[in-house]
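Trainee: Residue numbers for the sequence shown follow my numbering, beginning at 206 and rising by one.
By construction, the Cβ of each residue, glycine as well, lies at the ideal position given by its N, Cα and C atoms.
Given the structure is predicted, the values throughout are model-derived calculations rather than measurements.
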Amino acid sequence: MKPKKKHDENAELPVAVRASASWKRRAQWPKTRYRSIQYDARFADGREEQGVKIDEVLQGWRYPADAWCVRGGAEKECPEEGAGPWVDYPYGRPL
């Protein structure tokens, strides 16, 4: 069940999260690049959602320490470019 509103009390939490990194160019300064990170979430029923808003899916407003650990673990395991391994919720350890 995907969160329908910003603070959905009954939203399902994911069991794993993955970070994917890519390099993009700025419109104002085309010679500079920045690293953009997108997140994917896997739920208990086997469903995977790509390009999720990580703070909404992990309910960072409700469980800030868990969200911080999972996001940090996913970013730490993510390579410079491409998709990283899945990390578990709520500890952020690679699976």
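1. Give the single residue among Val-220, Tyr-294, Arg-276, Trp-228 whose Cα lies nearest to the Cα of Asp-250.
2. Quick one: measure Cβ to Cβ for Gly-265 and Ala-272, integer angstroms, because I've assumed they're closer than 8 Å.
3. Go through its chain and collect everything with a Cβ distance to Trp-291's Cβ below 8 Å, but skip five positions before and after it.
4. Less than 7 Å between the C-beta atoms of Gly-297 and Val-275, yes or no?
5. So Ala-226 packs on Glu-286, CB below 8 Å; how close in whole Å?
Mentor: Put simply:
1. Val-220
2. Rounded to whole angstroms, the Cβ separation of Gly-265 and Ala-272 is 4 Å, and the two are in contact under 8 Å.
3. Take Trp-291, set aside five residues on each side of it, and the residues of its chain with a beta-carbon closer than 8 Å to its own are Ala-221, Val-222, Arg-223, Arg-247, Pro-299, Leu-300, in chain order.
4. Contact flag set, yes.
5. Contact between Ala-226 and Glu-286 holds, with the beta-carbon distance rounding to 6 Å and staying under 8 Å.
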